[in-house]
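A short worksheet on the structure shown next.
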Amino acid sequence: MFGSLWILFSDRFVEAFAQSAQQLSRLQTLKGWGYVIVTAVLIYFMVQVYVGIIRKIEKEFQAELQEKLTQRSRELNRAQKKLVERKKNLALSELMVGFAHEINTPLGVSVTAISTLRHALASEQVSAGNGPETGLPPQISSLLDLLEGNLQRTVDLVESIRRLGVDSWDPLIQQVRLNRFIPDVVTTRLKDQFAVRAVDEGQIQGIALEDLSWEFSSSATVDVVTDVEVLRFIINCLIDNLFDHGLEQNTAPVGPDGAAAYFTISLSMEREQVCISYRDYGPGVPPEKLNRLVEPFYSIRRKAGNSGMGLSIVYSLVVQVLDGSMSMASPGRQGLEVMIMFPAHKETL
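If you want it as structure tokens, here you go:
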């Protein structure tokens, strides 16, 4: 449009001022050069504008690319650190499993020997003319009880160590709906724990089974194909950990019904990955101790008799058997949160 107006008005201007054909020819030439110059100037400014836009886009793209590279670098470093930590824990687990297998046989022989010794001493008492009701001398009986108790504790510990190994589990791959499976497992485990631990009129730390409320939530119906016995064991360990740590100094929020949810479990699905999040409201864990909770034999309550194997076994099973990942947090230093992710469909050989 601008070019058309330029030609129209320049032609009229030339015709109005030209007094001869020669002068008209010169003015036509000047008009052409003027048209070329104006066009060149316009093109120059348009090119400058486009170059500026392109440079701006390029700078924004470079900044975005640099940010993505920096982010990817951070993610890669975190992944490498997690991989190193995972390899370290798995190597330690394999070492402990090998150790447990080696001492399992002599330990079993020792348990049998103590039992045989007790019966032999009791038989000698009868042979010496003392009736069975007399029993062993208190000192000998006390020593034998001490030996049997410590040997049994060692047997239980060895069994816990053996659970760290994949080979100690017989795979039971089944399809299961976690929306029903998890509540059923939790309910059964709570009843079992109260049956074993309850004192003072069926209470544990002043809490009765009917007063220990908990919450389960799910964002979708989650059907999985996985090792159900391993998953059951993992959930049981989390509940056991609640009774070992989570009921002390409980800070559970009180719900509308006036009851405190001592722990919560949420279930979700993200890109064919199952996410199970467990949260209790016990005394919490310092940040510097969180990562150590998956180390074998590490316990923040060792003096209370805890072996420190529970979460270590859970971590090992999640990683080695379920092909998943596990992370932990202690929000606000109140309680423990355990997040477990694993494939919804386990590949079988």
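Its first residue numbered 1, the sequence shown is counted upward by one per residue in full-length UniProt numbering. Cβ atoms here follow ideal geometry from the backbone N, Cα and C, with glycine treated the same way.
Neighbour-count burial assignment, residue i, 16 or more Cβ in a 10 Å radius
i	result
TRP214	buried
ALA100	buried
GLY98	exposed
SER330	buried
LEU336	buried
LEU349	Caution applies to LEU349, whose pLDDT of 45 falls short of 50 and renders its modelled position unreliable; the model cannot decide the point.
VAL285	buried
residue 389	Because the chain spans 1 through 349 in this model, residue 389 falls outside it and cannot be assessed.
ARG78	exposed
PRO283	buried
GLY52	exposed
LEU317	buried
Reference residue i, options the options, closest by Cα
i	options	result
MET269	ASP223, LEU190 and ARG333	ASP223
MET328	MET341, VAL321, LEU322 and GLN320	MET341
ASP156	GLY108, PRO137 and LEU117	GLY108
GLN193	ALA220, GLU159 and ASP244	ASP244
LEU151	VAL41, GLU58 and SER110	SER110
ARG292	SER312, TYR281 and LEU144	SER312
LEU83	GLN334, GLY332, VAL338 and VAL319	VAL319
SER325	GLN334, GLY332, VAL338 and THR221	VAL338
ARG271	LYS289, GLN48, ALA220 and GLU58	ALA220
Where residue i sits in the DSSP three-state scheme
i	result
PHE342	strand
ASP145	helix
THR154	helix
ARG189	helix
MET328	strand
Same chain, Cβ closer than 7 Å to residue i, five either side skipped, listed in chain order
i	result
ASP227	PRO171, LEU172, ILE173, VAL321, LEU322 and LYS346
ILE182	PHE216, ILE235, ILE265 and LEU267
MET63	Rather than Met, the amino acid found at residue 63 in this sequence is Ala. Contacts found: none.
Sequence-distant residues of its chain with Cβ nearer than 6 Å to residue i (five each side left out)
i	result
CYS237	GLY310 and VAL314
Short Cβ contact (8 Å threshold) for residue i with residue j
i	j	result
VAL230	ALA344	no
TYR278	PHE297	no
ASP211	LEU242	no
ILE103	VAL158	yes
ILE239	ARG189	yes
LEU117	LEU136	no
VAL185	ARG232	yes
Residues near residue i by beta carbon distance below 8 Å, same chain, minus five either side
i	result
SER218	LEU178, ASN179, SER266, LEU267 and SER268
ALA195	none
is_contact[residue i, chain C] using C-beta, thresh 8 Å
i	result
TYR315	Within the model displayed, chain C is absent; a lone protein chain is all it includes.
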